Amino acid sequence: MSYPSTRPRTAPAPDPLERGRFSDGAHRYTVYASSADAPDSFQVCADDNRADLVLIVSGLTSQNLHATWGDEWRSRSAEWREWARSAAFQVFHNGSLPNPAKTRYCNG
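If you're matching positions, the sequence shown starts at 6 in our numbering and goes up one per residue.
Rendered as structure tokens:
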């Protein structure tokens, strides 16, 4: 006979390279630095899947920035890509963005 464990489960240690998250309402994006100290690049992954690369930005330390979009994401509109790039930079430098607010508008 086996008994269930009564030990409290501990949460996994946070990833030291994770800088934060943001969302467009349809997907959750996570920003990861390339290293803990003076990273030269960061990558953005979708929906907690590190293999689903949305964007890689390199050249941070050299100021020679280059963005590479993942296969599924490069066909998005220019406006969406600019929004995602801006959000990723903000998260990389400042941490997670708040979730988009559900705004109700009444004209009457």
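Ideal Cβ placement from N, Cα and C applies to all residues, glycine included.
Here the structure is a predicted model, which is why all the values come from computation and not from measurement.
DSSP state of residue i mapped onto helix, strand, coil
{"i": "Ser82", "result": "coil"}
{"i": "Arg90", "result": "helix"}
{"i": "Asn99", "result": "helix"}
Proximal residues to residue i (C-beta, below 8 Å), its chain only, five neighbours per side dropped
{"i": "Asp53", "result": "Arg33 and Thr35"}
{"i": "His71", "result": "Val62, Ser63 and Gly64"}
{"i": "Gly100", "result": "Arg24 and Gly25"}
With 16 other Cβ atoms within 10 Å as the buried cut-off, status of residue i
{"i": "Ala93", "result": "buried"}
{"i": "Ala51", "result": "buried"}
{"i": "Gln48", "result": "buried"}
{"i": "Ala18", "result": "exposed"}
N-terminal and C-terminal residue of the beta strand (DSSP E) that residue i is part of
{"i": "Ala38", "result": "Arg33 to Ala38"}
{"i": "Leu58", "result": "Asn54 to Ser63"}
{"i": "Ala72", "result": "His71 to Trp74"}
Cβ-based neighbour list, residue i, same chain, cut-off 7 Å, excluding 5 preceding and 5 following
{"i": "Thr66", "result": "Ala43 and Asp45"}
Same chain only: Cβ atoms within 6 Å of residue i, ignoring 5 sequence neighbours per side
{"i": "Trp78", "result": "Val59"}
(message) Across the region 72 to 91 and the region 39 to 47, are there enough close Cβ pairs to call them in contact, namely three or more that are closer than 8 Å?
(response) no
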